[in-house]
Each structure stands twice: as structure tokens, then as C-alpha cells.
Amino acid sequence: MREQRHEAAIAHVLKQLTAIAVIRRQLGRRLPQGSRNAVVVLAALTRTGEVRPSELAEHLDCDLSVVSRKVAHLEQRGLVSRRANPEDRRSSLIGVTAEGRAEVDRLVDIHTDLIAEATEDWTARELADLTTLLDRLRGGLARRLHGAEVPDREPDPAQPASA
Numbered sequence: 011m012r013e014q015r016h017e018a019a020i021a022h023v024l025k026q027l028t029a030i031a032v033i034r035r036q037l038g039r040r041l042p043q044g045s046r047n048a049v050v051v052l053a054a055l056t057r058t059g060e061v062r063p064s065e066l067a068e069h070l071d072c073d074l075s076v077v078s079r080k081v082a083h084l085e086q087r088g089l090v091s092r093r094a095n096p097e098d099r100r101s102s103l104i105g106v107t108a109e110g111r112a113e114v115d116r117l118v119d120i121h122t123d124l125i126a127e128a129t130e131d132w133t134a135r136e137l138a139d140l141t142t143l144l145d146r147l148r149g150g151l152a153r154r155l156h157g158a159e160v161p162d163r164e165p166d167p168a169q170p171a172s173a
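Using the numbering used here, the first residue of the sequence shown is number 11, and each one after it goes up by one.
Okay, structure coming up:
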């Protein structure tokens, strides 16, 4: 009986994750033209700092040719810059420009506002519990998918740093 309840709960989790994925795609379609793909690349570069295109492709888990096209588009828009790698002149390094950081901030604000509105009647404890459970789920999935530990989540900027 316990297994059936667990399987039913897992089925419900999958249903909810699928529904959230649909909502994320819908939100992406409402973003200004070109922002949907930009946010993924820009957010990754903001986290990683300046990297080679191949490292960015690995970080995004996509093909180098896809990353190259996206980076070229973002470079044309002035959101990323490319420079020769001082350690290996055959490769380049990609980084976010000031305009790119501003675009990331703008897009993060859009997402933050949406989540804030959707959870305005939640308590701080409920939000903390959700974050904890999502971190556990992400970590468990990553371990099973990649067979390795994943880094801890990034610190919450809203929480004071511990001394």
C-alpha cells in the first residue's frame, strides 16, 4: 500500500513539474523578442564569468554550434563581448557586457515579480520549505543523471551572510 501511495505522489510531482514547465514556456513567449534565449546564456555567463565557448556549451548542456549562434546574436546586440584568450590565442573568451548585466537584471526582475505575485499569500517558512525541497530534488536528479554531487545552491541574496 505504501508503494502505491509513493507512486501516486511521484505521479503528482511529475504532473506539477510538467505544468510549471508549460507556464515557463508561456512566460518565455511573453518576453521581448530575443530575450527568451538571451536570458539563459546571459545568466550562465553572469554565474560563470568569462569562459571559452566550449565551456559555455558544456555548462548549458547544448551543442557548441547552438551556443556559437546564440553568442553571435548577443554580441551583435552588445550584450556579450568576445576577446582572444590570453592563455591560448586560438580560442576566445566570452563575457557579459554592462548592457548584458542590465538585461539580466531586467529579466530577473520580471521573473521575480511573477513569483512574488504568485506567492504573495505564502509565509516565509513556506517559501523556505519550497526552496529546500526544490534544492533536494535538483540535487537528487543531478546525482542520478550525472553520477556526481552538484554544487550547493547559490547563496540567497535576501539572507544576511553568516559571520
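Every residue gets a Cβ at the ideal spot worked out from N, C-alpha and C, and that includes glycine. The model shown is predicted, which means the values in this text are computed figures rather than measured ones.
Helix, strand or coil at Ser64 according to DSSP, with G and I counted as helix = Annotated three-state conformation of Ser64 is helix, per DSSP.
Can the beta-carbon of Leu124 be found closer than 8 Å to that of Val61?
-> Remark: C-beta atoms of Leu124 and Val61 do not approach each other more closely than 8 Å.
Of the residues Asp98, Val114, Ser91 and Ser75, the one placed nearest Gly105, counting alpha carbons only = Ser91 is the residue among Asp98, Val114, Ser91 and Ser75 whose C-alpha sits nearest the C-alpha of Gly105.
Just tell me which of Glu97, Lys25, His83 and Asp131 has its CA closest to the CA of Val51.
-> Ranked by Cα distance from Val51, the first of Glu97, Lys25, His83 and Asp131 is His83.
Specify, as a first and last residue, the run of the beta strand (DSSP E) that Leu103 falls within.
-> Leu103 -> beta strand (DSSP E) spans Asp98 to Val106.
To the nearest angstrom, report how far apart Ala138 and Arg87 are at their CA atoms.
-> Their backbone Cα atoms lie some 37 Å apart in a straight line.
How would you call Glu136, buried or exposed, if buried means at least 16 neighbouring beta carbons within 10 angstroms?
-> Glu136 sits exposed, since fewer than 16 C-beta atoms from the chains shown fall within 10 Å of its C-beta.
Opening and closing residue of the beta strand (DSSP E) in which Arg87 lies = Where Arg87 is concerned, there is no enclosing beta strand (DSSP E), given that its DSSP letter is neither H nor E.
C-alpha distance - Ala108 paired with Leu117, whole-angstrom precision | Each residue's CA atom was taken as its position, placing Ala108 and Leu117 some 14 Å apart.
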